[in-house]
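Structure record follows, encoded as structure tokens.
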Amino acid sequence: MSAGIEIAEVSKVYDGGVRAVDSVAMEIKAGEFFSLLGPSGCGKTTTLRMIAGFDTPSSGEIRIDGADITHVPAHKRDMAMVFQNYALFPHRTVAENVGFGLRMRKLDKATIAAKVKAALAMVELSGMDDRRPAQLSGGQQQRVALARAIVIEPRVLLCDEPLGALDKKLRQQMQFELKQLQKNLGLTLVFVTHDQEEALAMSDRIAVMNAGRVEQVGTPVEIYDRPQTRFVADFIGDTNIFRGQRVTVDNNGTGIAAGNGLVLELPGPPAAADGAVLSVALRPEKIRLAPKVDTLHPKHASANGTVESTNFLGGAVLYRIALDSGHRVLAQQPNAGAGQLYAPGAPVMLGWTPADLVILKD
Ligand SMILES: Nc1ncnc2c1ncn2[C@@H]1O[C@H](COP(=O)(O)OP(=O)(O)OP(=O)(O)O)[C@@H](O)[C@H]1O
Ligand SMILES: [Mg+2]
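Just so we're aligned: the sequence shown equals residues 0 to 361 in numbering that gives the first Met the number 0.
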């Protein structure tokens with residue numbers, strides 16, 4: 000049966016004083032696909048290794064289904080880990096690699112053979128039993144590593160950048176298959192990645208980490224559409240960030256004066272007192288572009304600008320635009336069949352909805 004994990008105020012300080020993980024708290028539910036996402040060095044692997052039992056927290060507690068396992072050795076945790084470099088035994092066959100954990104558990108030969116066969120079928124490697132890792136492609140080696148982990152029917156599966164070495168196409172296919180496998184088996188899966196698209200595509204929930212701390216935990220939609228901090232807004236996808244003083248607009252509305260006359264109207268009731276300094280984020284695809292038709296003073300949810308450069312992405316076009324106020328923004332428009340509508344130098348009008356502005360904690 001899969002299990003839930005609680006990480007309670009866990010810190011890890013390595014010899015030499017590096018605080019790799021700093022007061023991390025999160026709750027991973029049984030059967031959940033949970034990702035740790037963040038830049039290199041933010042503490043993802045260290046967190047995963049503490050869950051696995053390969054590292055001990057300097058302080059805090061790790062619980063599995065409510066039981067404190069902080070000091071339980073790794074082999075008694077009923078967890079399996081898949082490493083970035085697969086860590087297969089090069090001189091053993093596929094079947095021997097997959098059966099490794101079962102032999103350690105001293106199961107009888109017939110049971111091992113049956114379980115190995117079933118695990119290989121699950122990762123679509125039936126018939127490859129007698130090959131050695133060097134005779135497999137990268138994707139196939141990855142599947143062997145996965146089969147070796149799931150064959151012991153762990154309560155929790157831990158994956159550290161398991162798809163990092165694969166090319167994009169294969170990686171997408173494996174993302175899909177791993178997700179299917181996790182759902183079918185009802186596995187609790189903790190997945191480490193620094194690839195935001197991968198985390199958004201696969202996870203039930205994501206913890207975004209920065210410098211040893213958790214910045215935000217949420218569903219992919221929450222993380223993308225409602226980032227709480229500047230770091231999360233910046234790290235996940237492209238975004239435009241405006242910073243300025245809170246002002247009153249049109250008598251009772253709220254806005255941000257971002258400088259040089261650019262005022263952005265905010266949704267809802269005042270988020271802070273007049274004069275308070277706020278940062279807001281606006282995703283490029285929330286901005287609509289139109290040809291500039293007149294020189295009317297822009298509304299609080301629009302602005303005039305000039306296209307500086309364009310980036311054709313296939314399904315969409317990314318425009319880098321200099322606003323008349325001097326601010327530089329990114330706007331992304333779907334490629335609706337006409338390809339690139341505005342060339343560099345084209346005057347454009349930008350429009351958005353105040354509700355698409357997200358106020359950030361600094
Ligand atoms: N054994 C160790 N001794 C000392 N410092 C360490 C040790 N292992 C990791 N660190 C440091 O702890 C911090 C977090 O490392 P960690 O490996 O957890 O990062 P990560 O998020 O997995 O990064 P990456 O995406 O590059 O794998 C880094 O500053 C790293 O240099
Ligand atoms: Mg790592």
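Backbone N, C-alpha and C fix where the C-beta goes; we use that ideal spot for every residue, glycine too.
Membership of residue 95 in any beta strand (DSSP E) is not indicated; the residue belongs instead to the alpha helix (DSSP H) covering 93-103. DSSP assignment within the region 223-248 yields the following whole beta strand (DSSP E) runs of 3 residues or more, N-terminal first: 239-248. A direct Cα-to-Cα measurement between residue 2 and residue 80 gives close to 15 Å. A Cβ-Cβ distance of about 11 Å is found for the pair residue 299 and residue 257, leaving them out of contact under the 8 Å criterion. DSSP places residue 45 in the uninterrupted alpha helix (DSSP H) bounded by 43-51. Nearest to residue 92 by C-alpha distance, out of 234, 144, 342, is 144. Per DSSP, the unbroken beta strand (DSSP E) holding residue 33 starts and ends at 32-36.
Remark: the C-beta of residue 207 is outside contact range of ligand 1, defined as less than 7 Å to any heavy atom. By alpha-carbon distance to residue 196, the top candidate from 222, 182, 181, 184 is 222.
Nearest neighbour of residue 113 by Cα position, chosen from 103, 339, 105, 98, turns out to be 98. Distance from the CA of residue 4 to the CA of residue 259, rounded to the nearest whole angstrom, comes to 50 Å.
If you compare the alpha carbons of 290, 317, 354 with that of residue 338, the shortest gap goes to 317. With contacts defined by Cβ atoms closer than 8 Å, residue 218 and residue 27 do not form a contacting pair. Following the DSSP letters along the chain, one finds residue 330 inside the beta strand (DSSP E) bounded by residues 327-333. Three or more beta-carbon pairs separated by less than 8 Å are not found between the region 43-60 and the region 111-125, which leaves the two stretches without contact. For a cut-off of 8 Å, the C-beta gap from residue 321 to residue 304 is around 6 Å, short enough to register as a contact. Sixteen is the threshold: since fewer than 16 other Cβ atoms of the shown chains lie within 10 Å of the Cβ of residue 333, the residue is exposed.
In the DSSP assignment, residue 111 falls within the unbroken alpha helix (DSSP H) covering 108-121. When the alpha-carbon of residue 193 is set against those of 10, 261, 41, 85, the nearest one is in 41. Within 10 angstroms of the beta-carbon of residue 0 lie fewer than 16 other beta-carbons, which makes it exposed.
Distances between the C-beta of residue 122 and the heavy atoms of ligand 2 are all 7 Å or more. When the beta-carbon positions are compared, residue 59 and residue 10 come within less than 8 Å of each other. DSSP places residue 190 outside any alpha helix (DSSP H); the residue lies instead in the beta strand (DSSP E), whose first and last residues are 187-192.
For residue 45, the Cβ falls inside the 7 Å cut-off from some heavy atom of ligand 1.
Of the candidates 176, 189, 106, 108, 176 places its Cα closest to the Cα of residue 124.
Its Cα nearest to that of residue 359, the residue 225 stands out among 225, 86, 342. In chain order, 254, 256 place their CB closer than 6 Å to the CB of residue 246, counting only its own chain and leaving out the 5 sequence neighbours on each side. Beta-carbon to beta-carbon, residue 201 and residue 174 are separated by about 6 Å, close enough to satisfy the 8 Å threshold. For residue 215, the enclosing beta strand (DSSP E) stretches over residues 212-217. Using a Cβ distance threshold of 8 Å, residue 150 and residue 185 do not count as a contacting pair. With distances taken between CA atoms, residue 292 lies nearest to 349 out of 336, 207, 280, 349. In the three-state DSSP reduction, residue 87 falls in the coil class, being neither helix nor strand.
Contact between residue 329 and residue 283 holds: CB atoms are separated by about 4 Å, below the 8 Å threshold. Of 107, 109, 147, 105, the smallest CA-CA separation from residue 122 is found for 147. The beta carbon of residue 7 sits closer than 8 Å to the beta carbons of 24, 59, 60, 61, 62 from its chain, once the five residues preceding and following it are set aside; these are given in chain order. Pairing residue 248 with residue 356 gives a Cβ-Cβ distance that is not under 8 Å.
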